[in-house]
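Participant: Quick one: the structure is below, questions incoming.
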Amino acid sequence: GENVEQHPSTLSVQEGDSAVIKCTYSDSASNYFPWYKQELGKGPQLIIDIRSNVGEKKDQRIAVTLNKTAKHFSLHITETQPEDSAVYFCAASMSNAGGTSYGKLTFGQGTILTVHP
Amino acid sequence: EAGVAQSPRYKIIEKRQSVAFWCNPISGHATLYWYQQILGQGPKLLIQFQNNGVVDDSQLPKDRFSAERLKGVDSTLKIQPAKLEDSAVYLCASSFNPRRRGRQETQYFGPGTRLLVL
Chain A
111 GENVEQHPST
121 LSVQEGDSAV
131 IKCTYSDSAS
141 NYFPWYKQEL
151 GKGPQLIIDI
161 RSNVGEKKDQ
171 RIAVTLNKTA
181 KHFSLHITET
191 QPEDSAVYFC
201 AASMSNAGGT
211 SYGKLTFGQG
221 TILTVHP
Chain B
3 EAGVAQSPRY
13 KIIEKRQSVA
23 FWCNPISGHA
33 TLYWYQQILG
43 QGPKLLIQFQ
53 NNGVVDDSQL
63 PKDRFSAERL
73 KGVDSTLKIQ
83 PAKLEDSAVY
93 LCASSFNPRR
103 RGRQETQYFG
113 PGTRLLVL
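Top line first, the protein sequences correspond to chains A and B. The numbers in our numbering rise by one with no breaks, and the one at position 33 of the first sequence is 143. The numbers in our numbering rise by one with no breaks, and the one at position 72 of the second sequence is 74.
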């Protein structure tokens, strides 16, 4: 099955700095890579996702890059703010045309991001 | 648009007792997922429903866990009997209909039920 490794496990930055979280996956058939933010006591919330036909995607201060050859993808947060402090999870999933493998997300272990004012 | 609803939010039981969790997905979402999130780890899929049918339950410990989605809307997840290692957050998620659209769809998560087994 798919295996997703996420690094670092904790990340501490100063407000205004950039933060980068990296993930690697094992199954070359994976083609959908979402990133979730989880605040204390809440469920994960999607912040950005990327599909395998795209190398990079941006949404304001957040960007995700994907390297299919190396099987890794990264989350970039620029101009960090204290409200960005949370646990971030990467995930991978695969779907094959006409197949049944839709939906199952394999998550990384999570990164605790702390942004100091 | 209302989000995924789960209840109860917290539950404390003793080992060997039974417990049930309830989930109401976003209206119109055909696919429903139950995940187990152990402290300090990412969520792990337990079971996936498409309408009222099971798509994937390969990681569900079937000797003690069961789940149903009888009318294709609400779902319940049951543990009987509970073990200490079942202490975790149980997350329910839903998505529109990835099978029908032929691609992955965003999964929306509920707030989770925090279970502590003593």
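Built from N, CA and C at the ideal position, the CB exists for glycine as well. The structure presented is a predicted model; accordingly, all values stated were derived computationally and were not measured.
Compare the C-beta of Ser97 of chain B against all C-beta atoms of chain A and say whether one is closer than 8 Å.
Facilitator: So yes, Ser97 of chain B belongs to the interface.
Participant: Say whether chain A places a C-beta atom closer than 8 Å to the C-beta of Arg114 of chain B.
Facilitator: For clarity, residue 114 of chain B is Gly in the given sequence; the question names Arg instead. Interface residue, yes.
Participant: Name, going along the chain, the residues of the stretch 127-151 of chain A whose beta-carbon falls closer than 9 Å to a beta-carbon of chain B.
Facilitator: The residues in question are Asn141, Tyr142, Pro144, Tyr146, Gln148 and Gly151.
Participant: Taking Cβ positions, are Val123 of chain A and Val225 of chain A nearer each other than 8 Å?
Facilitator: For Val123 of chain A and Val225 of chain A, yes; Cβs fall inside 8 Å.
Participant: Write down every uninterrupted run of the beta strand (DSSP E) in the stretch 115-141 of chain A whose length is 3 residues or greater and which is fully enclosed by it, in chain order.
Facilitator: Listed in chain order, they are 120-124 and 129-135.
Participant: Distance, Cα to Cα, Val6 of chain B vs Ala180 of chain A?
Facilitator: Looking at the two C-alpha atoms, the distance is approximately 36 Å.
Participant: Could you name the residues that DSSP lists as bridge partners for Lys13 of chain B?
Facilitator: DSSP, once it has assigned bridges, lists B:Leu117 as partnering Lys13 of chain B.
Participant: Report the neighbours of Tyr35 of chain B on chain A: residues whose CB is nearer than 7 Å to its CB, in chain order.
Facilitator: Within 7 Å Cβ-Cβ: Gly213.
Participant: Report the three-state DSSP secondary structure of Ala207 of chain A (helix, strand or coil).
Facilitator: Residue placement at Ala207 of chain A is flagged as unreliable, the pLDDT there being 48, under the threshold of 50; a coordinate-derived value is accordingly withheld.
Participant: DSSP three-state call for Asp88 of chain B: helix, strand or coil?
Facilitator: Helix at Asp88 of chain B.
Participant: Is it right to say Tyr35 of chain B is buried, meaning 16 or more other beta carbons lie within 10 angstroms of its own, or is it exposed?
Facilitator: Buried, since its Cβ has 16 or more Cβ neighbours within 10 Å.
Participant: Could you check the C-alpha separation between Lys152 of chain A and Gly112 of chain B for me, to the nearest Å?
Facilitator: Their backbone Cα atoms lie some 8 Å apart in a straight line.
Participant: Output the distance between the C-alpha atoms of Phe51 of chain B and Asp59 of chain B, rounded to the nearest integer angstrom.
Facilitator: Roughly 9 Å separates the two Cα atoms.
Participant: Counting only runs that start and end within the stretch 163-215 of chain A, where is the beta strand (DSSP E) found for 3 or more residues in a row?
Facilitator: Whole beta strand (DSSP E) segments, 3+ residues: 166-169, 172-177, 182-187 and 196-202.
Participant: In terms of residues, what are the limits of the beta strand (DSSP E) holding Asn54 of chain B?
Facilitator: Careful: Asn54 of chain B lies outside any beta strand (DSSP E) and carries neither H nor E.
Participant: In whole angstroms, give me the CA-to-CA distance for Ser119 of chain A and Ile222 of chain A.
Facilitator: Rounded to the nearest angstrom, the two C-alpha atoms are 6 Å apart.
Participant: Name the chain B residues whose beta carbon is nearer than 8 Å to that of Ser203 of chain A?
Facilitator: Here the neighbours are Gln106.
Participant: Suppose you measure from the CA of Gly44 of chain B to the CA of Asp169 of chain A; what does that come to, to the nearest Å?
Facilitator: Taking the straight line from one Cα to the other gives about 24 Å.
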